[in-house]
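Visitor: Let me begin by handing over the structure; questions about it come next.
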Amino acid sequence: MHNDVDVTKLKQMMQDALTFDEGMQRDVKVDVDPSLIWESAMMFHEKVLLLFFTTRIPLAMDVAHAINASVEKEVVNKVFYSGNGLFEVIFNDNAVKSQFLEQQTVFLCGLMAHVFPWKPVKAMKEEILYKCPVWVELIDLPSFLRSKIGHVAKVLGKLLYTPSIFAPNKNRICVLWNTSRPFPKTLGINIPNVGRLLFT
């Protein structure tokens, strides 16, 4: 375990959760020794990822069972539900955690979940207020563009999910949309020296 507290690293790890504005008033104040939270902070930083469910919210216990079942071994230590569809998952196996992070989108409990690297829940909730997963169906997408749907759709935002070319909903993708700008009703594709396509 990490016994020596690196205060600079601890501050960096908690950057998104700390309040630096001294103008913020508090009624009650408590000082916490960094050594009390060092090992816990390190553990979350190294072993935890976030799952974000946007439709029905499963039970934390079911999420743990579904993850273990998907890799056919016990890899989950604990799962915490943090509200607003966010789950913090503590892994015993960092290799499996890394595999989940690489996928970005996983199906668990019959639902789709978006996978994010761990950060303090407060910061993640603030982020998803402005950047939220949005399902988009590219209607009338020409067949010859289906295999490049990810390349086409990434102009809308970070690509979270693209279906298999053989999937029945192969024109439906999921992107991380910045809510500070309106969502476009149409998407234009320019093919140099060939022409321009416009579809909804």
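Residue 59 in numbering that gives the first Met the number 0 sits at position 60 of the sequence shown, and the numbers go up by one each step. Note that the Cβ used here is the ideal one computed from N, Cα and C, for glycine as well.
1. Just verifying my parser: in three-state terms, what is the DSSP assignment at Phe99?
2. Quick check: what's the CA-CA separation for Ala122 versus Ala16?
3. Locate the alpha helix (DSSP H) running through Trp37, then write down its first and last residues.
4. What span of residues does the beta strand (DSSP E) with Leu107 cover, start to end?
5. Measure the C-alpha to C-alpha separation of Asp20 and Leu48 and round it to an integer number of angstroms.
6. Taking the alpha-carbon of Ser34 as reference, which of Met12, Val4, Ser179 has the nearest alpha-carbon?
7. Express the C-alpha separation of Ser163 and Lys147 in angstroms, rounding to a whole number.
8. Quick check: the Cα distance between Phe200 and Gln11, rounded to an integer number of angstroms?
9. Give a yes or no on whether the C-beta atoms belonging to Cys131 and Pro57 are separated by under 8 Å.
10. Rounded to whole angstroms, what's the CA-CA distance from Phe51 to His150? Just pull it up for me.
11. In whole angstroms, what separates the C-alpha of Arg180 from that of Glu71?
12. So, for Lys96: in the same chain, excluding its five sequence neighbours on each side, which residues have a beta-carbon less than 7 Å away from its beta-carbon?
13. Using the rule of at least 16 other Cβ atoms within 10 Å of the residue's Cβ for burial, across every protein chain shown, is Tyr160 buried or exposed?
14. Have a look at Asn83, Gly82, Ala59 and flag the residue whose alpha-carbon is nearest the alpha-carbon of Val75.
Guide: Once the coordinates are examined:
1. As a first step, residue 99 must be located in the sequence shown, where it is residue number 100. When secondary structure is reduced to three states using DSSP, Phe99 falls in the helix class.
2. Position 123 of the sequence shown holds residue 122. Position 17 of the sequence shown holds residue 16. Using only the alpha carbons, I get a separation of about 6 Å.
3. Here residue 37 refers to the residue found at position 38 when the sequence shown is read from its first residue. For Trp37, the enclosing alpha helix (DSSP H) stretches over residues 33 to 46.
4. Your numbering for residue 107 matches position 108 in the sequence shown. First-last of the beta strand (DSSP E) with Leu107: 104 to 107.
5. Mapped onto the sequence shown, residue 20 falls at position 21. Mapped onto the sequence shown, residue 48 falls at position 49. Taking the CA atoms as reference points, Asp20 sits about 28 Å from Leu48.
6. Taking the sequence shown and counting its residues from 1, the one referred to as residue 34 is at position 35. Val4 is the residue among Met12, Val4, Ser179 whose C-alpha sits nearest the C-alpha of Ser34.
7. Against the sequence shown, residue 147 aligns to sequence position 148. Against the sequence shown, residue 163 aligns to sequence position 164. Between Lys147 and Ser163, the alpha-carbon positions lie close to 11 Å from each other.
8. A question about residue 200 goes unanswered here, because the residues of the chain that appear run from 0 up to 199.
9. By 1-based counting over the sequence shown, the position of residue 131 is 132. By 1-based counting over the sequence shown, the position of residue 57 is 58. It is not a contact, given that the beta carbons lie outside the stated cut-off.
10. The count along the sequence shown starts at 1 and reaches residue 51 at position 52. The count along the sequence shown starts at 1 and reaches residue 150 at position 151. So the two alpha carbons sit approximately 24 Å from each other.
11. Against the sequence shown, residue 180 aligns to sequence position 181. Against the sequence shown, residue 71 aligns to sequence position 72. The straight-line gap from Cα to Cα measures roughly 42 Å.
12. Stepping through the sequence shown from its first residue, residue 96 is reached at position 97. Only residues of its own chain outside the window of five on either side were considered, and among them Lys46, Leu48, Phe90 have a CB closer than 7 Å to the CB of Lys96, listed in chain order.
13. Locating residue 160 in the sequence shown gives position 161, counting from the first residue. Under this definition Tyr160 is a buried residue.
14. Counting from 1 along the sequence shown, the entry for residue 75 is found at position 76. When only C-alpha atoms are compared, the closest one is Ala59.
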